[in-house]
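Enquirer: According to this note's numbering, the sequence shown is numbered sequentially starting from 15.
The beta carbon of each residue, even a glycine, is placed where N, CA and C say it ideally should be.
Below is one structure. I have some questions about it.
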Amino acid sequence: MKKLENFSYTLDVELLRTLAEKYGTPLYVYDAEKMMNQYEKIKQAFSCIDKLGIHYASKANTNINILKLFKKKGIGLDTVSIQEVEIGIMAGFPPKQIIYTPNGVSMEEIIKAKEFGVRIHIDNLSLLEQFGQEFSLDYPIGIRLNPHIVGGGNEKISVGHIDSKFGISYYQFPHIKRIVENTKLKVEGLHMHTGSDILDVEIFLRGADILFDAAIKFKDLEYIDFGSGFKVSYNPGDVPTDIQKLGPLLGKKVNKFYKEYGKTLCLVFEPGKFILSESGYFLVKVNTIKQTISSVFACVNSGFNHFIRPMFYNAYHNIENISNPSGRVRLYTVVGYICEADTFGLNHQISEIHEGDILCFSNAGAYCFCMSSNYNSRYRPAEVMIYKKQDYLIRQRETIQDLLRNIVEITL
Ligand SMILES: Cc1ncc(COP(=O)(O)O)c(C=O)c1O
Ligand SMILES: N[C@@H](CCCC[NH3+])C(=O)O
Numbered sequence: 015m016k017k018l019e020n021f022s023y024t025l026d027v028e029l030l031r032t033l034a035e036k037y038g039t040p041l042y043v044y045d046a047e048k049m050m051n052q053y054e055k056i057k058q059a060f061s062c063i064d065k066l067g068i069h070y071a072s073k074a075n076t077n078i079n080i081l082k083l084f085k086k087k088g089i090g091l092d093t094v095s096i097q098e099v100e101i102g103i104m105a106g107f108p109p110k111q112i113i114y115t116p117n118g119v120s121m122e123e124i125i126k127a128k129e130f131g132v133r134i135h136i137d138n139l140s141l142l143e144q145f146g147q148e149f150s151l152d153y154p155i156g157i158r159l160n161p162h163i164v165g166g167g168n169e170k171i172s173v174g175h176i177d178s179k180f181g182i183s184y185y186q187f188p189h190i191k192r193i194v195e196n197t198k199l200k201v202e203g204l205h206m207h208t209g210s211d212i213l214d215v216e217i218f219l220r221g222a223d224i225l226f227d228a229a230i231k232f233k234d235l236e237y238i239d240f241g242s243g244f245k246v247s248y249n250p251g252d253v254p255t256d257i258q259k260l261g262p263l264l265g266k267k268v269n270k271f272y273k274e275y276g277k278t279l280c281l282v283f284e285p286g287k288f289i290l291s292e293s294g295y296f297l298v299k300v301n302t303i304k305q306t307i308s309s310v311f312a313c314v315n316s317g318f319n320h321f322i323r324p325m326f327y328n329a330y331h332n333i334e335n336i337s338n339p340s341g342r343v344r345l346y347t348v349v350g351y352i353c354e355a356d357t358f359g360l361n362h363q364i365s366e367i368h369e370g371d372i373l374c375f376s377n378a379g380a381y382c383f384c385m386s387s388n389y390n391s392r393y394r395p396a397e398v399m400i401y402k403k404q405d406y407l408i409r410q411r412e413t414i415q416d417l418l419r420n421i422v423e424i425t426l
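Rendered as structure tokens:
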């Protein structure tokens, strides 16, 4: 069967077309095999590291079926909210396999996480002190440091710089130490995450130096958590993070550190995008073609309410016409139906589009469905997962009842 050329599709065109017909559009399709291949790539790249812990960043896609798949493979979970913790527990993860690294949350939420028994990362001096005063030695925690490194594909996802709200500045280290000593807190982990979409291997290595420098000053560590940020290719010429190169370089630093520390710790990564992004496809139908005096618009039955990355981050996503994959290539601006600027792709080269054709967006696995909304009172799409060559509906398309579910009608 024909596969789409010039891009890393793992599913063939005919299958995607069949799924669009069977489940309707707009539709998210995920390929479980591709997720697992990506996971294996990470494992292999860091195979020189003795104790490796990979925790899938569930914020990339929290569908419980995807979480269960990772659980089955023995992968850990990374969460950012108490709700992600709860979904993780529901998916069957043992609490100690769940890392919880929130930002800007209340002490009440941290206490709930403690009640679930998950590994908590605190990224704020005030909460560190409160937690220490209340729980002290009873409950070991991890601390998220801000290494003051500028990394990440755009300013919205660059989170390790000096003006960022994330982590505790490593310049505030004496303050951290004072709180830990005064409250007798047990620190079992140190964490850092500088951003998403980081191409440069050097960023990770610089972060490692800073983290090890801090880690040597804590005697009870069990793990060091490097967060994530591995980049994927969003367009055919794009280059992903060279994790094959990063693995051995980081491995050298890690082993040197372990010698100094006198103990082998677990080295944790929390990948989301690298595992999920390329496994996903977003299928939409072309409602109409609109030729203006400047552009040819392909207007589809979706919008940034379903797929926000192009509008929010200016992100490029490859778009193919899977109804006419070998047609003559023309220039199209692909737009959605939302009542404000809503562009998926400006002047993309796409094989000739007719009304009713199905377009396929690539890299739709991570940060796509989970960032969707009901803006303009549109239903959120269905999700399908291909697992062991079978397609499974893993989320139903919404209906009018979903839009009204929490509304309380009052008598006027
Ligand atoms: C703390 C933390 N860990 C892990 C991730 C996952 O990052 P990515 O999807 O780039 O792998 C993020 C998101 O950027 C994050 O904020
Ligand atoms: N949502 C971002 C990724 C990182 C956000 C989480 N820290 C994206 O779509 O690129």
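Within a Cβ cutoff of 6 Å, which residues of the same chain sit near Ser247, ignoring the five residues on either side of it in sequence?
Expert: Same-chain partners within the cutoff: Pro254.
Enquirer: Ordered along the chain, which non-local residues of its own chain (more than five positions away) have a Cβ less than 8 Å from that of Leu81?
Expert: Tyr70, Ser72, Leu91, Ile101, Gly102, Ala105, Phe107
Enquirer: Return helix, strand or coil for Glu148, following the three-state DSSP convention.
Expert: helix
Enquirer: Taking a cut-off of 5 Å, which residues have a beta-carbon closer than that to any heavy atom of ligand 2, in chain order?
Expert: Those residues that bring their Cβ nearer than 5 Å to a heavy atom of ligand 2 are Ile171, Ser210, Tyr381.
Enquirer: For Gln437, name the three-state secondary structure that DSSP assigns.
Expert: For residue 437 there is no data in the structure shown, the boundaries of the chain being 15 and 426.
Enquirer: For Ser172, which beta-bridge partners are listed by DSSP?
Expert: Partner(s): Gly209.
Enquirer: Is the distance from the Cβ of Leu225 to the Cβ of Ile238 below 7 Å?
Expert: yes
Enquirer: Identify the continuous alpha helix (DSSP H) that holds Asp214 and give its terminal residues.
Expert: From DSSP, Asp214 is part of no alpha helix (DSSP H); its letter is neither H nor E.
Enquirer: Mind listing, in chain order, the continuous alpha helix (DSSP H) runs of no fewer than 4 residues lying wholly within the segment 51-105?
Expert: 78-86, 96-104
Enquirer: Report, in whole angstroms, the separation of the C-beta atoms of Val282 and Gly131, which I expect to be a contact under 8 Å.
Expert: Not really, about 18 Å apart at Cβ, beyond 8 Å.
Enquirer: Rounded to whole angstroms, what is the Cα-Cα separation between Asn138 and Ile182?
Expert: 6 Å
Enquirer: For Arg409, which three-state DSSP category applies?
Expert: strand
Enquirer: Can you tell me which of Leu25, Ile63, Ile134 puts its alpha carbon nearest to the alpha carbon of Gln258?
Expert: Ile63
Enquirer: According to DSSP, simplified to helix, strand and coil, what is Leu199?
Expert: coil
Enquirer: Using a threshold of 7 Å, state whether the C-beta atoms of Ala199 and Ala229 are closer than that.
Expert: Contrary to the premise, residue 199 reads as Leu rather than Ala in this sequence. No. Outside cutoff.
Enquirer: Using the Cα positions of Lys85 and Ala46, report the straight-line distance between them to the nearest angstrom.
Expert: 13 Å
Enquirer: Could you check if His331 is buried or exposed, using at least 16 other CB atoms within 10 Å of its CB as the buried criterion?
Expert: buried
Enquirer: Contact check, Val94 vs Gly294 under 8 Å by CB: the rounded distance?
Expert: Contact doesn't hold; Cβ gap of about 20 Å is too wide.
Enquirer: What number of angstroms, rounded off, separates the C-alpha of Ile322 from the C-alpha of Val27?
Expert: 24 Å
Enquirer: Given a threshold of 16 other Cβ atoms within 10 Å of its Cβ, counted over all protein chains shown, does Ser387 qualify as buried or as exposed?
Expert: exposed
Enquirer: Rounded to a whole number of angstroms, what is the C-alpha to C-alpha distance between Asp416 and Tyr393?
Expert: 8 Å
Enquirer: What is the rounded straight-line gap between the Cα of Phe291 and the Cα of Cys382?
Expert: Note on identity: in this sequence residue 291 is Ser, with Phe being the wrong assignment. Cα to Cα, Ser291 sits roughly 9 Å from Cys382.
Enquirer: Would you give the residue range spanned by the beta strand (DSSP E) that Glu334 belongs to?
Expert: 333-335
Enquirer: Report all residues from its chain with a CB closer than 8 Å to the CB of Tyr327; omit the five preceding and five following residues, and keep chain order.
Expert: Gly167, Asn168, Lys170, Ile171
Enquirer: Pop quiz: Arg31 and Ile372 are said to be a contact at Cβ under 8 Å. What is the actual Cβ separation, rounded to whole angstroms?
Expert: 6 Å
Enquirer: What are the boundary residues of the alpha helix (DSSP H) that Phe271 is part of?
Expert: 257-275
Enquirer: Once DSSP output is grouped into helix, strand and coil, what is the label at Ser365?
Expert: strand
Enquirer: Taking 6 Å as the cut-off, does the CB of Gly88 come closer than this to any heavy atom belonging to ligand 1?
Expert: no
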